[in-house]
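Student: Dropping the structure in here first, questions after.
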Amino acid sequence: MTEFSNTEEYIEDVDFEHKDGGGWKDRFWGFIESRYFMATVFVLMAIVSFSLGRISGLQDKKPAVKIISENLGEVKGVTTVLVDPINLQQTSLPQSVLSSSSGQVVASKNGTKYHYPWCAGAKQISAKNLVTFNSIDEARAKGYTPASNCKGLK
1 MTEFSNTEEY IEDVDFEHKD GGGWKDRFWG FIESRYFMAT VFVLMAIVSF
51 SLGRISGLQD KKPAVKIISE NLGEVKGVTT VLVDPINLQQ TSLPQSVLSS
101 SSGQVVASKN GTKYHYPWCA GAKQISAKNL VTFNSIDEAR AKGYTPASNC
151 KGLK
């Protein structure tokens, strides 16, 4: 015969908990509530924004239009207007180049350097001190030397 005992067995709550750490949903929501979530979102947004900026910047890169004239050299600040895709391009020169294009180089009567008319140094010379030469050799014969900040002068 079997004897029955009056002993009670106690079951603890720990026995019913999952020992594998929960499912993927629990881990996902745990990550969202953690302190690393906002840092991760910030880093991912920075990477995506940088990548989109690089992609859009690649499409905008086009070679600059340079117009070179034999008697003036490279002209900076030239605007080019396309009249018709079939026809040639119409160009407009800056006013300072047009006004002083009669001579090839300019200098100040108080200075020792000569410049091309479109150089930054030539634009700083006042009208009363402006001396115009037809050639570089003529400016050198008068004792002037080339300006170092004007590209193309030797």
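When you line the sequence shown up against our numbering, it's residues 1 to 154, in that order.
In this text, a Cβ means the ideal position worked out from N, Cα and C, and glycines have one as well.
Quick caveat: nothing in here was measured; it's all calculated off a predicted structure.
How long is the line joining the alpha carbons of Phe31 and Glu8, rounded to whole angstroms?
Tutor: Each residue's Cα considered, the two are about 42 angstroms apart.
Student: Note the first and the last residue of the continuous alpha helix (DSSP H) segment covering Lys123.
Tutor: 120-123 is the span of the alpha helix (DSSP H), which, as asked, contains Lys123.
Student: Near Ser102, what residues of its chain come up, given a Cβ to Cβ distance below 7 angstroms and the 5 sequence neighbours on each side ignored?
Tutor: In this prediction, Ser102 has a pLDDT of 46, which is less than 50 and means its spatial position is unreliable; nothing more can be read from the coordinates.
Student: Tell me the DSSP secondary structure of Thr145 in three-state form.
Tutor: Three-state DSSP puts Thr145 in a strand.
Student: Do you know how far the Cα of Ala120 is from the Cα of Val41?
Tutor: Straight-line Cα distance between these residues: approximately 49 angstroms.
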